[in-house]
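Heads up: the sequence shown begins at 1 in the numbering used here, then just goes up one per residue.
Idealized CB from N, CA, C, for every residue including glycine.
Contents: one structure, followed by commentary.
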Amino acid sequence: MKTVTLEIPNISCNHCIMTVKREAGFVDGAEFVSGDVDAKKAVFQVADDQALESLKETLAEAGYPPVG
Numbered sequence: 001m002k003t004v005t006l007e008i009p010n011i012s013c014n015h016c017i018m019t020v021k022r023e024a025g026f027v028d029g030a031e032f033v034s035g036d037v038d039a040k041k042a043v044f045q046v047a048d049d050q051a052l053e054s055l056k057e058t059l060a061e062a063g064y065p066p067v068g
């Protein structure tokens, strides 16, 4: 597992963080660690690059596309 921080500009409140956390739970090999509304970032543990890509796609489909 590796730790990744994703910038997610659409995060604007704690409800957004909860949605990001929920969506990450649907991705095999990805786990939500923490989120920061002010920084518009979320930290995840991912098993590999495939899990990271799946996480990014899932977040984008939920309306929280990460940048970078």
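Own chain, CB closer than 8 Å to residue i, minus 5 neighbours either side, in chain order
i: M18; result: none
i: A51; result: V27, D28, G29 and A30
i: A60; result: P66
CB contact below 9 Å: residue i versus chain D
i: G25; result: The structure shown contains no chain D, having only a single protein chain.
Cβ-based neighbour list, residue i, same chain, cut-off 7 Å, excluding 5 preceding and 5 following
i: K40; result: E7, I8, P9 and I11
i: A62; result: T19 and E23
Contact set for residue i: own chain, Cβ-Cβ below 6 Å, skip 5 residues either direction
i: T5; result: K41 and V43
Check whether residue i and residue j have beta carbons under 9 Å apart
i: C13; j: Y64; result: no
i: V67; j: L55; result: no
Residues that DSSP places opposite residue i in a beta bridge
i: S34; result: V43
i: E7; result: K41 and V67
Enclosing alpha helix (DSSP H) for residue i [first to last residue]
i: V20; result: N14 to A24
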